[in-house]
Structure formats: C-alpha cells, structure tokens
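**Student:** So the sequences go chain by chain: A and B. Residues 895 to 1259 in my numbering are what the first sequence lists, from first letter to last. Residues 895 to 1259 in my numbering are what the second sequence lists, from first letter to last.
2 protein chains.
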Amino acid sequence: MGNLFLTGRGMASIIDVARLAGVSPATASRVLSGSPHAVSASTRQQVEAAAEELDFVPNALARGLLKRRAPIVGVIVHDITDPYFSEIARGIEDAAEASGHLVIICSSDRVPQREESYVRLLRSMQAAAILFAGSGIRDAGLEEAAARHLSAMERSGAAIVHLSPSFRGPALVGVDNVAGMAAIVRSLVGMGHRRIGYLGGPERLYVAADRERGYRDAMNEAGLAVDTATVLRTTFDVAGGADGVERLIRADAGVTAVACANDLLALGALDRLTELGVSVPTAISVTGFDDIPGAARTAPGLSTVHLPLRDLGRAGFQHAEKLLSGRRPHRRELPFDVVLRGSTAAPRRASRLEITAPAALAGAR
Amino acid sequence: MGNLFLTGRGMASIIDVARLAGVSPATASRVLSGSPHAVSASTRQQVEAAAEELDFVPNALARGLLKRRAPIVGVIVHDITDPYFSEIARGIEDAAEASGHLVIICSSDRVPQREESYVRLLRSMQAAAILFAGSGIRDAGLEEAAARHLSAMERSGAAIVHLSPSFRGPALVGVDNVAGMAAIVRSLVGMGHRRIGYLGGPERLYVAADRERGYRDAMNEAGLAVDTATVLRTTFDVAGGADGVERLIRADAGVTAVACANDLLALGALDRLTELGVSVPTAISVTGFDDIPGAARTAPGLSTVHLPLRDLGRAGFQHAEKLLSGRRPHRRELPFDVVLRGSTAAPRRASRLEITAPAALAGAR
DNA sequence: GCGCGAATGGAAATCCTTTTCACGAGGCCG
DNA sequence: CGGCCTCGTGAAAAGGATTTCCATTCGCGC
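(1) DSSP three-state call for Pro-965 (chain A): helix, strand or coil?
(2) Compare the C-alpha of Arg-1225 (chain B) against each of B:Met-1075, B:Gly-1162, B:Gly-1210 and name the closest.
(3) To which residues of the same chain is Asp-1165 (chain B) closer than 6 angstroms at the C-beta, ignoring the five residues directly before and after it?
(4) Looking at the C-beta of Asp-949 (chain A), does it have a partner C-beta in chain B at a distance below 9 angstroms?
(5) Quick one, which of B:Ile-974, B:Ala-1163, B:Ala-1102, B:Phe-1230 has its alpha-carbon nearest Gly-1195 (chain B)'s?
(6) Who are the neighbours of Ser-1001 (chain A) on chain B, taking C-beta pairs under 7 angstroms?
(7) Mapping DSSP to helix, strand and coil, what is Gly-958 (chain A)?
(8) Please work out which residues of its chain come closer than 6 angstroms, Cβ to Cβ, to Arg-1008 (chain B), disregarding the five sequence neighbours upstream and downstream, and give them in chain order.
(9) Strictly below 9 angstroms CB to CB, what residues from chain B border Arg-1014 (chain A)?
(10) Would Pro-1175 (chain A) pass as an interface residue toward chain B - the criterion being a Cβ-Cβ separation below 9 angstroms?
(11) In the DSSP assignment, what residue or residues form a beta bridge with Gly-1091 (chain B)?
(12) For Ala-1040 (chain B), count the other beta carbons within 10 Å of its own beta carbon; 16 or more makes it buried, fewer makes it exposed. Which is it?
(13) Taking 9 angstroms as the CB-CB limit, is Ser-923 (chain B) close to chain A?
(14) If we call anything under 9 angstroms between Cβ atoms a contact, is Met-1019 (chain B) one with Gly-1051 (chain B)?
(15) State the Cα-Cα distance for the pair Met-1075 (chain A) and Leu-1201 (chain A), rounded to the nearest angstrom.
(16) Starting from the C-beta of Thr-1238 (chain A), find all residues in its chain whose C-beta is less than 8 angstroms away, skip the five residues before and the five after it, and write them out in chain order.
(17) In terms of residue numbering, what span does the alpha helix (DSSP H) encompassing His-1043 (chain A) cover?
(18) State yes or no: is the beta carbon of Glu-981 (chain B) nearer than 9 angstroms to at least one beta carbon in chain A?
(19) Give the single residue among A:Ile-970, A:Leu-1167, A:Ala-1023, A:Gln-940 whose Cα lies nearest to the Cα of Leu-1217 (chain A).
(20) I'd like the list of long-range same chain contacts for Ala-906 (chain B), defined as Cβ closer than 7 angstroms, with 5 residues on each side in sequence excluded.
(21) Using the three-state DSSP reduction, which class does Val-1132 (chain A) fall into: helix, strand or coil?
(22) Rounded to whole angstroms, what's the CA-CA distance from Val-1079 (chain B) to Gly-1148 (chain B)? Just pull it up for me.
(23) Measuring only between beta-carbons, confirm whether Ser-1050 (chain A) sits less than 9 angstroms from chain B.
(24) What residues match up with Phe-1026 (chain A) in a beta bridge as DSSP calls it?
(25) What whole-angstrom Cβ distance do Ala-1320 (chain A) and Ile-966 (chain A) have, given they're in contact under 8 angstroms?
(26) So Ser-1045 (chain B) contacts chain A; which residues on that side make the cut at Cβ distance below 7 angstroms?
(27) Do the stretch 1153 to 1162 of chain B and the stretch 1126 to 1144 of chain B meet, that is, are 3 or more Cβ pairs less than 8 angstroms apart?
(28) May I ask which residues mark the beginning and end of the alpha helix (DSSP H) holding His-1200 (chain A)?
(29) Taking 9 angstroms as the CB-CB cut-off, is Gly-1188 (chain A) touching chain B?
(30) To which residues does DSSP link Asp-1231 (chain B) through a beta bridge?
(31) For His-1056 (chain B), count neighbouring C-beta atoms within 10 Å of its own C-beta (all shown protein chains included) and say buried if the count is 16 or more, exposed if not.
(32) Short of 8 angstroms in beta carbon distance, which residues of its chain neighbour Ser-929 (chain A), apart from the five on each side in sequence? Order them along the chain.
(33) Any idea which residues DSSP pairs Thr-1181 (chain A) with across the strands?
(34) Between Arg-1235 (chain B) and Thr-1192 (chain B), what straight-line distance do the alpha-carbon atoms span, to the nearest angstrom?
(35) Entirely within the stretch 1066 to 1130 of chain B and at least 4 residues each: give me those alpha helix (DSSP H) ranges in chain order.
(36) Return the CA-CA distance between Gly-1068 (chain B) and Asp-973 (chain B), expressed in angstroms with no decimal places.
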C-alpha cells in the first residue's frame, strides 16, 4: 500500500498531515498540539482524520528543541535495585506519567564521576527536571562540577529537587532523618536498653551523617555513653550489615541492641546473627530505617522507622512541577513513623541489672 | 560577569563556541562531535578551549532531530518495585550507560492501556530502542495498537527487543520458562512428592502460560495427575501467593508441595503458611521461580529457579545495539539453574506411603 | 455603503546541530 | 609547469514542530 502523502518511508510529519488535510502546517499544529488559536470545526476534523490516517505521532525532539525542554525527568538513585530507591522512583513515575513526562533512571552506584556523567547527559537531553533520590556524597570534585551543571540548568528553567540532604543543604522534599533515628533509638532506650550499638552508612553520605547524629542525640539525651567501639560505619547494603554486626558482636562490648542506619544493613545483621546462633530479640535487639517492602517479612519482623517512600517520590515530582510553572514552593517535610515488630524487645535480665537497682528488680520479679 | 559571547541567558550553543573560537559552526561541530573529518590541531585546541570556557553541553535534542534518533532506550516493566524487574532494569542500565544511552523506565502495572501510552511516548521521543522486560499480556486491543507502533518504529530503524514471550512469539533474548518450571517440578518429584499443587500467575500473561505448561509437562512426564482443584491462578504478587496457598490448603487435596510461578507468590505463600502454623518444608514444600534477591533470606530459604536477571538485561541491550547497527542477531537463550534451599524436602512418611511399597519402606527405615 | 473587529488560515522565522557541497591552498607526479 | 589530489575550512540546507506576524473574509453597527 503506502500512502502517497507520506514524504518517505519514515514516520509521517505534521507537514504530511497538513498536506493530506489540505491545510498549512501551522493549522495542523494548532489542532494537534491543543493550541488556543481558533480553528473551525470542519478544519479541525479534517486534520484529525488525516493524523489518524497517517498514524501521526508528533516528534517530541522537534517540539523540545523549540521549547528548550524535553518532557523527561531524570532521577538519580544510588541503585535502582535497592527497594528504597525503587519505591521512590515508582512514586515519581506515577506522578510524572500523569503529566506526560517520562522518567529516566540513573544508578550512580555512589560513584561521583558516574553521577556527574549522568547529570551531564540529562542536561544535554534538556531534561525538564532532575530529582536526586539518593543522598549527596561529600566529594569536592563532584560538588564543584555538580554545582556548575545544576545552576546552569536552573538558570535555563529546569527544576532541581533533592529528596535527601546534599551539599546544597537539607532536602527540598524529605523526611527528618535526625529525628527519625533519634525516635527509634529513644524507643530502644524506653525498652530498657543502655548499651546500644550503631551500624552506620558510609561516612561521605550526608544522610548517613544525619542519621548518626540522631543516634548520638538520643543517646546523649538519655545520658548514655557512645562508645567509639560500638559505632561502626560500613557500606549501605546487606553485606555491610552482616559484617558489621559480626564485628560489633566480636568486640564484645556487651551491647544489647544495635540500631542500623537503614533496613538493608539491618537485614544483613539479622542474617548474620541467625548464622551465628545469636537469637533476636532475646540476645540482641535490631532496628532498621526506611521500612522497605520486605522489612516486615523477616523472621522476626524488623522494627524500623517507616518512611512514606512512594509519597516522597510523588511529592518530589510535584515540587518539580511547581518549580517548572514558576512558583516557589515551600520545603516539604514528610512524616515518619516508628514501627515496632519482633526484632526488638526489652534486654535480658542480666543486662537490666546493670542499669536498674538490683534489689528492686529482683524483688519485683 | 556573563560572557559576551553568550547569545542569551540560556545555555551556550555551538554557534557561541564557534564565535569565541573564531571558526565556523561546522568546524566547531567537527571537533566537538568527534567527527572523522580532519581538523588542524591548532583549530581543534581553540574550539576545545572555547567549549570549556563556555561550559558547552551539546543539545541532544537538536542532534537527535537530525539523526532521527535520541540516545535513549525505553524499558517496559510491570512494576519497577518488583525486584525481578529492577534487576533486569539495572542490567540494561549498565549496558546502556557504557554506550551513552539513557534508560527510561515505564511501569505498566500490567494495564494494556498504560503500556500503549508509554510506547507512544517513547515513539514520540524517537527512542533508539524499546525493551519489553515484562511478559506480554494477551489483549486484542493492545496487541493491535502495539503491533502498529512497533512495526512503525522498526521501519524507522529503532530496535524492539522482548525479554519475555509476547504476542510476537518467544523472547528474542530470554530463558526457557517451560523447561525451568519443568526442571524444578521434576526435582520435587524426585524428592518423592506426588501431589504437587501449582500457584500460577494471571491467565493473560504469556510467561505465566509458559510456566504452567512446564508444570503440566513435568507432571505428565512423571505420570502424575494434575487435579484442577490444585492448580490456581492468581495475581503475580505476594498477596496473591498468600491467598493462593490458603485456598489450596483449605481445599485439602492433600498436596505435599506447591510450585509457585514466581518468587513473589512463593514469598506470600511462605508468609501465610507460617501464619497458619503449617511448617515448611515438614508439612509442605514450596518452590519459587526467578531467584530474586531476598529469596535466599526467607526462613527457610526458598528453593527456586535461578535466572540470571541482570545478565538478561545486559544481553537484551546488547541485542538492541546489534539491531541498531544493522546486524541481525540470533535469538539468545540464557541458562537457568534449579537451586534447592530449605523450603523443600521429601514429603512426610504418610505421603510417601501412598506412592511407595509400604512394606519396603517400612523395612528400610 | 463604509469601516472595524473577530475569526480563520498561511508564510516564515526559530530552536541547534550535523552534513553535504564547494572552495582555496598547497603538495606531488608526470 | 600543469593537473590532480588532499587537507582544512566555510556556507548552507535539513530535520519537525511551534509561533509570531500578516492577510483575508465575514458580520455587523452606524
């Protein structure tokens, strides 16, 4: 077959449609792009019929070139395979789809250079927005390059949104990591724990620093010592958590609980404790942070700080949309929630004795 | 400050660079786009210095408009939150990044209309390739529209790659789902199970059909009856698995093992069985499919069919690259692996008695 | 009957880059 | 020493859609 109005073997352009409809490209554009310019009903119909007939799909590149903006948003994550990030990404995607935007996923693997390369690529694609889902990484080189790219993009009207703390300061849309960690540590204290170890994330991650500060705040507040031997920093993943608890246990500092900087760490810790025959929560309590899907399915269920990750993604995109439409949205803070499952309990008697009047306790029991 | 050579407040264009370097845009382009065309060393250096000075980032939209192709690939998944898909997506991303492509994630939620809308969007963006990570959905409306879009894209040189079976036939790059399921069911049979239930996925998913066929094949091959009451189809997620096993158990058909069409179903099944106080594998064995990260972390560990998901993604992108460079790559089949963990064991004696000579068994034990 | 505004449609510029095509200079071979 | 080839560079077109001006027509009030 082959339609005679088609310019070549490629896709039909708006010129082809205009020709078939017997109108100018300008008119066809007005109909097809929903312009406010008046077009008579009959002409409109002609154009729509022609577009349908030719299976016309507008070239977003041409449109974007003119508008200086492509209908895409980039999301910088550390690893899309990490449920924390895929949940956020999904929230962004849902909100983006509603406004016709496509979402580009960029897993930086926490390598500054890879992150910069992605930002550059997104900039070259004239992305409408970039959302940083993952925490910033303290790195002079990256931050200099990133600052340059980001301010250039903002100057040209793109939206930049941080969902976690970064070198640009606290997140535009995010949760209070300090308060969240402090809250769950406080509930550990409330159960009677006194020697609480901490398994932190990489030192260079801003979010890891915030969470560690929350831990220290809560400990200080309760008048408890933070032993340097019981605060460990490791990689932000399951393997890090497994090795971390083991080191913590072997240091034999008598900790009765371990607060982990995120759920992945806690999952790894749970695994290793099981392997080591250390029972949770009888011998030791474990807490996580984030409440990723799957945190509830461990045995025992993981006590953690629930974050509304999908909402965070959605809210992040909405923030970007406001920025794009010229408004100046407020910082937005989403609520967290301490959820206690089976991985935490009061410490064993022996431990309690250390911290309570022995006689009183013995008598009560 | 503000550089006088900048046209406006926007980003520097190649024309600005050319002007600053004192050459024509053509020459600047040749330097900056790595064209094979000869350019003298001194000119080249001038241009590079100017580009650096102006923080020039090429406009990928303009380039794409000319080349009729944007350096982006779309990945259609059912849900990026599902570890099965995020693993594949990550593999694609890794391979794509190596060749300067960006990856767009499209979660269809298995809604045909949403899938079509995404394909249309990708087409309008002149995506270089679309990879279908999720299985096709049997749906006349979608398939008609999809066929139209896809053949149009292929005609214009884009690459379309299916990683799972679809209405276009078996996957271009994929695994043998029939054989995989048959293999794990066979190992259940080998352990002595005779009444093996099946928890399948949505009827309209091609991949679900394949896996169910594998189950039936293995059962027939072993001369075992497939009772319609012990084959259930449900949604492809944790909730479906939980409800599914419960129905299976309550039907009281005496099954000693349940093969699940994927790991999410198996995870749900494990959860519910625990809640119900049915011990795994003592009372009942459970198997999954895919070996998502986390399948090893259940208690007991999930026996499943390991799929090299990340490799699958990588191989899929490489296939697309070959297609784009005009080659005609072969179908590629990746290996699977039955991995037995704690969720499977030989059935209890009572069950064995049904199928083995009672005297012999009793004597042996 | 004249003029004015609304309605409608077209011509052309614009967005930025790549890629022919053309041109001049210089080197080499015959 | 003339013709030819190579090298280096520039001018201009192309790619597809939008949008700013204009131009035309029609209806209508005076």
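All C-beta atoms, glycine included, are put in the ideal place defined by N, C-alpha and C.
**Tutor:** Answer, in terms of the structure:
(1) Reduced to three states, the DSSP call for Pro-965 (chain A) is strand.
(2) When C-alpha distances from Arg-1225 (chain B) are compared across B:Met-1075, B:Gly-1162, B:Gly-1210, the shortest belongs to B:Gly-1210.
(3) Excluding sequence neighbours, Asp-1165 (chain B) sits near Ala-1136.
(4) With a threshold of 9 angstroms between beta carbons, Asp-949 (chain A) makes contact with chain B.
(5) When each option's Cα is compared against that of Gly-1195 (chain B), the closest is B:Ala-1163.
(6) The contacting residues are Arg-984, Glu-987.
(7) If DSSP states are grouped into helix, strand and coil, Gly-958 (chain A) belongs with the helices.
(8) Excluding positions up to five away in sequence, the list reads Ser-1002.
(9) Contacts between Arg-1014 (chain A) and chain B, judged by CB atoms closer than 9 angstroms, involve Val-951 in chain order.
(10) Output row for Pro-1175 (chain A): interface = no.
(11) Looking at the DSSP assignment, Gly-1091 (chain B) forms a beta bridge with B:Val-1152.
(12) Classification for Ala-1040 (chain B): buried.
(13) It does not: the Cβ of Ser-923 (chain B) has no partner Cβ on chain A nearer than 9 angstroms.
(14) Taking 9 angstroms as the Cβ cut-off, Met-1019 (chain B) and Gly-1051 (chain B) do not qualify as a contacting pair.
(15) Cα-Cα distance, rounded: 12 angstroms.
(16) Around Thr-1238 (chain A): Ser-1081, Leu-1082, Met-1085, Ala-1151, Pro-1175, Ser-1179, Val-1180, Thr-1181, Ser-1197.
(17) Segment 1034 to 1049, the alpha helix (DSSP H) holding His-1043 (chain A).
(18) Yes, because at least one Cβ of chain A sits closer than 9 angstroms to the Cβ of Glu-981 (chain B).
(19) Checking every option, the nearest Cα to that of Leu-1217 (chain A) belongs to A:Ala-1023.
(20) If you ignore the 5 residues before and after Ala-906 (chain B), its C-beta comes within less than 7 angstroms of the C-beta of Leu-900, Leu-948, Asp-949, Phe-950, all in its own chain and listed in chain order.
(21) It is helical.
(22) Val-1079 (chain B) and Gly-1148 (chain B) have their C-alpha atoms some 17 angstroms from each other.
(23) So, interface residue.
(24) Its beta-bridge partners are A:Ile-970, A:His-1056.
(25) The structure shown does not extend to residue 1320 (chain A), since chain A spans only 895 to 1259, so no value can be given for it.
(26) Going along chain A, no residue has its Cβ under 7 angstroms from Ser-1045 (chain B), so there is no contact; the nearest lies around 10 angstroms.
(27) Contact between the stretch 1153 to 1162 of chain B and the stretch 1126 to 1144 of chain B is present: 3 or more CB-CB pairs across the two stretches fall below 8 angstroms.
(28) Where His-1200 (chain A) is concerned, there is no enclosing alpha helix (DSSP H), although the beta strand (DSSP E) it sits in stretches over 1198 to 1200.
(29) Using beta-carbon distances, Gly-1188 (chain A) counts as an interface residue toward chain B, with a partner under 9 angstroms.
(30) In the DSSP output, where bridge partners are listed per residue, Asp-1231 (chain B) has B:His-1200.
(31) Flag for His-1056 (chain B) reads buried.
(32) Result list for Ser-929 (chain A): Ser-923, in chain order.
(33) Per DSSP, A:Ala-1153, A:Ser-1197.
(34) So the alpha carbons of these two residues sit roughly 10 angstroms apart.
(35) Within the stretch 1066 to 1130 of chain B, the complete alpha helix (DSSP H) segments of 4 residues or longer fall at 1071 to 1085, 1100 to 1115, listed in chain order.
(36) Between Gly-1068 (chain B) and Asp-973 (chain B), the alpha-carbon positions lie close to 19 angstroms from each other.
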